[in-house]
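First to last, the sequence lines map onto chains A and B.
Heads up: the first sequence begins at 273 in my numbering, then just goes up one per residue.
Heads up: the second sequence begins at 12 in my numbering, then just goes up one per residue.
Here a beta-carbon is modelled for each residue, glycine too, at the ideal position from N, C-alpha and C.
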Amino acid sequence: MGFVRNPKDVISGLLFIAIALLFAWQSRELTIGSAMRMGPGYFPLVLSVVMGLLGLIVLINGLRYPGEAPSGFAWRALVILVGATLFFGFAMRPLGFLPTLAITVFASTLASTLFRPLTALAITAVMVVFCWGVFILGLGLPLPLLGPWLGGY
Amino acid sequence: MELLDNLGLGFSVALSFQNLFYCFAGALLGTLIGVLPGLGPIATIAMLLPITFGLPPVSALIMLAGIYYGAQYGGSTTAILINLPGESSSVVTAIDGHQMAKQGKAGTALATAALGSFFAGTVATFLLALFAPPLAELALKFGPPEYFALMVLGLVASVTLASGSVVKALAMIVLGLLLGLSGQDIYTGVPRLTFNVDELADGFDFVALAMGMFGLSEIIRNLEDEHNRTLVAAKVKGLMLSKEDFKAIIGPVVRGTVLGSFLGILPGGGAMLSSFAAYSVEKKISKTPRRFGKGAIEGVAGPESANNAGAQTSFIPMLTLGIPSNPVMALMIGALIIQGITPGPNVVTDKPDLFWGVIASMWVGNFMLVLLNLPLIGLWVRLLTVPYHVMYPAIIAFCCIGVYSVNNNTFDVYTMALFGILGYALVKLDCEPAPLLLGFVIGPMLEEYLRRAMLISRGDPMVFVTRPISAILLLLAAIALVVVLLPSVQKGREEAFKE
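Below, the structure is given as structure tokens:
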């Protein structure tokens with residue numbers, strides 16, 4: 273990839289163009305209307321074009337001027353934390369508040385390289401009790417403590 | 012004295028037992044979370060936003076304002092004590108504040124920050140009370156073209172004043188605008204840009220987007236390199252300022268306040284720009300500029316006053332025009348809209364209790380911060396000793412619960428995860444996520460005013476240049492854009508932000 277001088281800019285440019293195309297494709301079935309009576313598709317389409325052009329400029333700059341490649345990704349943290357968040361969303365209804373929270377907190381402690389099992393269990397226990405106290409007792413959020421999969425309602 | 016009457020009304024609202032409590036709770040919670048390294052005001056407000064939904068609008072806004080000051084003050088504490096500024100506006104404080112702490116003068120630095128902020132807050136509150144109503148009156152004469160032009164100016168200005176690539180920041184704004192348009196079209200009710208997902212019929216959830224971009228992705232970023240931080244001062248002593256200290260800071264505090272108050276009103280301005288500007292001013296006029304970077308007390312006093320003044324006066328365009336000048340104000344507007352209040356010039360006349368109550372509570376909030384922070388500094392120090400890997404799972408849990416509880420909707424939690432990934436990717440590509448949030452909030456308003464303006468003018472785009480106010484605003488936007496794209500200015504900008 274000798275012609276890619278600034279990988280960060282090239283990737284950003286491509287990302288912006290891709291998103292612009294996605295939005296343009298999304299607005300294809302909307303009425304465009306005229307400048308006087310703009311339809312729902314007018315502004316999104318204009319913005320998509322602008323964004324595509326900006327992406328192109330970023331891309332071209334990335335091919336012309338040197339720069340750094342992105343590095344130092346926290347892959348472990350990214351995968352585990354996004355996974356824990358998705359799990360929370362998925363499990364909230366079927367499992368209920370307390371088990372979901374416990375698993376989410378415990379899972380997210382795994383994202384750190386400084387993970388220790390005992391500390392993780394302690395954090396989980398403290399968080400479950402604390403959140404139960406604050407959100408259920410204190411703020412009275414209407415969250416089922418145990419979901420239908422665990423014999424709750 | 013209409014002003015006094017209005018302030019009287021404001022204080023009667025702000026000093027009610029309920030609102031005092033929320034103001035106090037906001038300042039306390041804001042400081043508590045803002046003190047955590049790596050969490051700035053945007054993340055803090057996004058995270059605590061759901062708590063305020065159940066409150067009446069006045070209390071909610073008072074609490075959010077309290078959270079904002081608290082978070083900002085907490086960020087300064089972290090910057091001074093462990094040299095880990097949570098957000099860009101306390102980067103400057105860290106330069107000299109941390110050096111002072113190393114020399115055993117952490118107490119002096121913290122007290123300077125607190126008193127400087129309090130003075131600036133008091134002045135800025137009066138400026139707000141003085142200038143907001145006439146501005147709102149002027150804004151009532153604004154038609155759709157003027158609003159459109161004003162928003163364009165605000166968006167452009169926020170780009171030119173941010174750090175990093177201008178083109179990328181513009182692209183981020185446009186991305187934010189597009190994301191903001193998702194959902195039902197206001198005129199025809201047609202669902203659009205929903206990617207065939209039923210849950211997106213009302214668009215992307217504001218809280219989920221903000222928490223993903225600023226909560227989740229920040230935590231991932233902080234986990235990139237984990238090392239044990241060292242706290243400079245385990246015990247902070249000497250919170251009292253000596254006479255010499257007072258003499259040394261009074262000038263910087265006053266200059267910082269004036270500068271910050273002015274820069275805060277500008278679209279795109281606010282806390283960060285103010286503190287950068289104040290620091291360079293202090294360094295320029297100092298007789299001994301060499302001391303800067305080595306623990307100069309002026310380097311703490313000036314920026315800290317300026318960022319608080321700027322934070323305060325940035326409420327002026329938000330409350331009077333309904334236009335956010337920075338991402339924090341975008342969050343405030345988001346909160347107001349969720350509360351069913353459309354921010355704009357009408358708020359001053361229609362909801363005087365809200366308007367004046369919030370203004371008065373700003374002063375109360377600043378006062379509370381001083382009362383709260385100087386005695387409680389030991390607590391914050393202890394909080395700073397808690398390692399990050401013990402702290403972040405709790406933040407993840409709060410984010411999840413917060414996002415879920417807004418609408419009792421699991422889809423919002425998935426949205427947060429999605430924007431967590433996107434936010435992290437964009438940060439790794441050197442694309443600042445803050446302009447995106449600004450665009451997201453402004454997107455629907457910008458389109459509405461554009462469509463209305465074009466309807467009035469029968470499709471003639473000349474309407475934006477034939478009306479004087481909108482022409483001037485657009486001209487300013489164009490100048491700002493051209494100036495910042497000039498090669499010489501770009502170089503200067505890079506140097507200014509490096510400093």
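In the structure shown, the three-state DSSP call for Q114 of chain B is coil. With a 10 Å radius around the Cβ and a threshold of 16 neighbouring Cβ atoms, W367 of chain B comes out buried. For M427 of chain B, at least one C-beta of chain A is nearer than 8 Å to its own C-beta. Taken in chain order, the complete alpha helix (DSSP H) segments of 4 residues or longer contained in the segment 142-204 of chain B are 155-171, 177-192. Taking all protein chains in view, the Cβ of W374 of chain B is crowded by 16 or more other Cβ atoms within 10 Å, so the residue is classified as buried.
Using a Cβ-Cβ cut-off of 8 Å, A397 of chain A does not count as an interface residue toward chain B, since no Cβ of chain B sits closer than that to its own. Each of B:K439, B:A160, B:V177 was checked against the Cα of G327 of chain A, and the nearest Cα belongs to B:V177.
Ranked by how close their Cα comes to the Cα of P342 of chain A, the residues A:V276, A:K280, A:W421 have A:K280 in first place.
Using a Cβ-Cβ distance cut-off of 8 Å, the segment 386-406 of chain A and the segment 345-361 of chain A are not in contact, since fewer than three pairs of beta carbons, one from each stretch, lie closer than that value. Membership of E309 of chain B in the alpha helix (DSSP H) is indicated by the continuous run 309-324.
For N17 of chain B, the enclosing alpha helix (DSSP H) starts and ends at 13-25. Sequence-distant Cβ neighbours of L317 of chain A in its own chain, meaning closer than 6 Å and more than five residues away, are S299.
Only P404, A405, I407, A408, C411, I412, Y415, S416, T421, V424, Y425, M427, A428, G431, I432 from the segment 404-432 of chain B bring a Cβ to less than 7 Å from some Cβ of chain A. Using a 10 angstroms sphere on the CB of E309 of chain B, the tally of other CB atoms reaches 16 or more, which defines it as buried. R336 of chain A is classed as exposed because its beta carbon has fewer than 16 other beta carbons within 10 Å across all chains shown. Using a Cβ-Cβ cut-off of 7 Å, V330 of chain A is close to V178, K179, A182 of chain B, given in chain order. Listed by position along chain A, the residues whose Cβ is nearer than 7 Å to that of Y435 of chain B are L350. For the segment 25-54 of chain B, no residue has a beta-carbon sitting nearer than 8 Å to a beta-carbon of chain A.
Taking the Cα positions, L39 of chain B is about 7 Å away from L383 of chain B.
For V208 of chain B, no alpha helix (DSSP H) segment is defined, and its DSSP state is neither H nor E.
Leaving aside the five residues that flank T55 of chain B on each side, the residues in its chain whose CB is nearer than 7 Å to its CB run, in chain order, G41, I44, G45, I78, A82.
Going by C-alpha positions, I483 of chain B is about 28 Å away from G311 of chain A. Taking C-beta atoms as the reference points, V358 of chain B and L330 of chain B count as a pair closer than 8 Å.
Listed along chain A are Q298, S299, L302, P312, G313, P316, each with a C-beta nearer than 8 Å to that of R203 of chain B. In its chain, beyond the 5 residues on either side, D107, Q110, M111, Q114 have a beta carbon closer than 6 Å to the beta carbon of G306 of chain B. For Y337 of chain A, there is no enclosing alpha helix (DSSP H), as DSSP marks it with neither H nor E.
When DSSP states are grouped into helix, strand and coil, G306 of chain B belongs to the coil group. Per DSSP, Q83 of chain B is one residue of the alpha helix (DSSP H) stretching across 68-93. Residue-level contact by beta carbon fails for R478 of chain B and chain A, as no gap is shorter than 8 Å.
For M310 of chain A, the beta-bridge partners assigned by DSSP are A:G305. Taking C-beta separations shorter than 6 Å and ignoring five residues to either side along the sequence, the partners of W421 of chain A in its chain run P366, L367, following chain order.
Check the Cα spacing between N30 of chain B and each of B:N17, B:V69, B:F64, B:G389: the tightest is with B:V69. I375 of chain A has a beta carbon lying at 8 Å or more from every beta carbon in chain B. Taking the beta carbon of G327 of chain A as reference, the chain B residues within 8 Å of it are A182, listed in sequence order.
The DSSP-derived three-state label of E443 of chain B is coil. Taking each of B:L447, B:L121, B:A180 in turn and checking the Cα distance to M224 of chain B, the smallest one comes out for B:L447.
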